[in-house]
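In UniProt numbering, the protein residues as written are 1 to 157.
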């Protein structure tokens with residue numbers, strides 16, 4: 001049997017390409033796609049490619065803290081939320097640090113200000129990489145983005 005990292009129902013995640021050192025994510029095996037809180041979403045062109053500028057409130061219950069992000073547009077999809085409502089959302093792809101794992105994941109962008117978690121990690125991003133313990137929290141600890149950067153520079157990840 002292959003040893004897989006164990007996740008709790010909520011975990012700390014880093015999104016370095018978006019300049020997010022840490023954000024709390026709800027691990028949701030019932031959701032196919034992952035969602036990231038975003039507002040003030042504005043498409044633009046950069047070098048002939050379609051990009052998005054958007055803002056994130058990375059901290060729960062703290063709308064005074066804001067980070068401006070930029071990412072290439074991967075797609076625009078119709079997504080159904082947990083309440084059965086359909087919404088057309090932009091999709092980006094970004095690097096995600098979760099414990100000792102570094103993965104590329106698609107994220108749909110939507111305003112999650114009213115939700116408890118700014119990020120939802122769905123089963124497509126988790127793929128077959130992890131096991132989820134729904135009774136546990138933060139099993140992977142807080143991201144150490146400086147250590148991740150050192151490992152990336154040395155080609156270890």
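Glycine residues also receive a C-beta, built at the ideal position from the N, C-alpha and C atoms.
1) Flag this pair as touching only if the stretch 85-94 and the stretch 121-141 have three or more C-beta atom pairs under 8 Å; answer yes or no.
2) Between which two residues does the alpha helix (DSSP H) harbouring residue 124 extend?
3) Can you tell which of 13, 108 and 30 has its C-alpha closest to the C-alpha of residue 41?
4) With 16 other CB atoms within 10 Å as the buried threshold, where does residue 10 fall?
5) Which residue wins for smallest C-alpha separation from residue 54, given the options 6, 70, 105 and 93?
6) If distances are taken between C-alpha atoms only, which option among 34, 4 and 26 comes closest to residue 77?
7) Just reading off the beta strand (DSSP E) that residue 60 is part of, what are its end residues?
8) Going by DSSP, what residues sit across from residue 43 in a beta bridge?
9) Classify residue 139 as helix, strand or coil using the three-state DSSP reduction.
10) Whose C-alpha, out of 80, 133 and 132, is nearest the C-alpha of residue 32?
11) Leaving aside the five residues before and after residue 63 along the sequence, list all residues of the same chain whose C-beta is less than 8 Å from its C-beta, in chain order.
For this structure:
1) no
2) According to the DSSP assignment, residue 124 belongs to the alpha helix (DSSP H) that extends over 123-126.
3) 108
4) buried
5) 70
6) Closest in alpha carbon position to residue 77, among 34, 4 and 26, is 34.
7) Secondary structure note for residue 60: it is in no beta strand (DSSP E), with a DSSP letter that is neither H nor E.
8) 52
9) In the structure shown, residue 139 sits in coil (DSSP, three-state: anything other than H, G, I, E or B).
10) 80
11) 57 and 113
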